Amino acid sequence: MSRRTLGKTELGVLYLGWFLVDADIVVINPLLVPLAGHFQLSLATVTFALTAYLLLFGILQPIHGILSDSVGRVRVMRIGLFGIGVANLIAALAPNIGVLIAGRALAGAAAAALVPVTVAYVGDRLEPQDRQRALANLLSVSAIGFASGTLVAGVLAELVNWRAPLLVIAVSTLVLAFVYGRLPETHQPEATRISPLQRVGEVFNRGWMVFLLVFSFVEGMAMMGFFNFFNAALQLSGSGIVVAVLVTGTYGVGAVVGSRLVRLVHERLSQAALFGIGTSLLAIGYLTAALSQSVAAILVASVCCGASLAIGQSTLQVWTIQAAPATSLGTAISLGACAVFTGASISTAAVGGLAAAGDFGWLFGIAAIVTVPVVIIGTYGQARFSRVAQST
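See below:
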């Protein structure tokens, strides 16, 4: 395995991949209200296009992680990008909501290859002391992808139609699948003799990994689920689609600020403190949105949630890398990501009825309540893990 420092070109390729995948995750958010109007269906029904994506994005990540441990990281990521492109072509050309949901579900299944395998790739290539900053940078790029995907999708839907954003994602990811061929492989197939079931067994034999998988499910509900309704809350409150995407696009601004903060203080603050700060910002954001769905309130909530992603989620990913067995890193990270995004899909499905009824105060209030135990348990757990790791 090569562990030389990632070059700027290689990092740039990885950043572009994360940018496009995260744009793909949220591209449907500003389209929910227009889709409901186009197909003459309820908001709860078209929300299944989001839920199906997040569900398959979550549950298939372990498969891709196991494959990356067996056949190589780069190969799996390239196949995933190609799959995203084909699936979004299907969704963009959908004649009815059923085909659209199926296309988006397939896109989620393919996108599942990118997030955990990219984290494993960074873990392969960088020394432990360099991972936090690299992952924080990736997450800030991720949030910029969220923001840009939301903004571009909203503008294209307004100027062209709802199909245009999906076509842009499709073409971009197909091109990037070829660009990823420039990345050097880090995990050679012939270097391992461990079966997939043995890899999963290695992960579950570690007590901290079992805790992290359960915890990540709840954390994913809070971190990656409820914020998807910020855009719909603004649109149904009377804001135009362009205003809504501009406001929720400040999620990316928050992430960039959060990433900068991580780079400044990660050597002075403990991992527990960083996680506590990051997830507290998430709770503040949801509480603000619960009290009011005005433009100003959703703007504050978007910035807080974006900062939380860069600070809190990067800490959780580093924690997972530290707790995982080195021989099954891709499997461990993908199981953690599976838990996060499965939790996100369940939370979006659970509150879809509230969104359809326009009860966004209750929706974001539930989000804040779910986030509070994440802050407390995660901060305590990370502090205890660090003490145990230092004593061994």
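Throughout the sequence shown, residue numbering follows my numbering, covering 861 to 1252 in sequence.
We put the CB at the ideal spot given by N, CA and C, even for glycine.
From a predicted model like this one, the values you see are computed outputs, not experimental measurements.
As for any alpha helix (DSSP H) of minimum length 4 sitting wholly inside the region 959 to 997, the runs are 974 to 985, ordered along the chain. Distances from the alpha-carbon of Met1069 to those of Ala994, Val886, Leu1189 put Leu1189 closest.
Under a 10 Å Cβ-count criterion, Gly1041 is classified as exposed, with fewer than 16 other Cβ atoms of the shown protein chains found around its own Cβ. With a 10 Å radius around the Cβ and a threshold of 16 neighbouring Cβ atoms, Ser1008 comes out buried. The C-beta distance from Val906 to Leu895 rounds to 4 Å, short enough to meet the 8 Å contact threshold.
The three-state reading of DSSP puts Gly1166 in helix, counting H, G and I together. The beta carbon of Leu1159 lies closer than 6 Å to those of Val1107, Thr1110 in the same chain, with the five residues before and after it left out.
For Ser1055, same chain residues with a beta-carbon under 8 Å away, outside a window of 5 residues either side, do not exist. DSSP places Glu870 in the uninterrupted alpha helix (DSSP H) bounded by 868 to 886. The continuous stretches of alpha helix (DSSP H) do not include Ile1171, and DSSP gives it neither H nor E. Here Gly1196 is buried: its Cβ has 16 or more other Cβ atoms, across all protein chains shown, within 10 Å. Taken in chain order, the whole alpha helix (DSSP H) runs of length 4 or more contained in the region 1104 to 1174 are 1110 to 1125, 1131 to 1151, 1155 to 1168. Residue Met1083 holds the alpha-carbon nearest to the alpha-carbon of Ala1161 among Thr1202, Val1234, Met1083. When secondary structure is reduced to three states using DSSP, Trp1022 falls in the coil class, being assigned neither helix nor strand. Under the criterion of beta carbons closer than 8 Å, Ala904 and Gly1225 do not qualify as touching, at roughly 19 Å. Under the 10 Å beta carbon count, Phe1064 is surrounded by fewer than 16 other beta carbons and is classified as exposed. Selection Ala1186, Ala965, Gly1238, Val934 evaluated against Gly983 yields Ala1186 as nearest (Cα-Cα).
For the pair of segments examined, the region 947 to 957 was found not to touch the region 1228 to 1242: the number of CB pairs separated by less than 8 Å stays below three. Uninterrupted alpha helix (DSSP H) stretches at least 4 residues long and entirely within the region 906 to 959 occur at 908 to 919, 921 to 931, 933 to 952, given in chain order.
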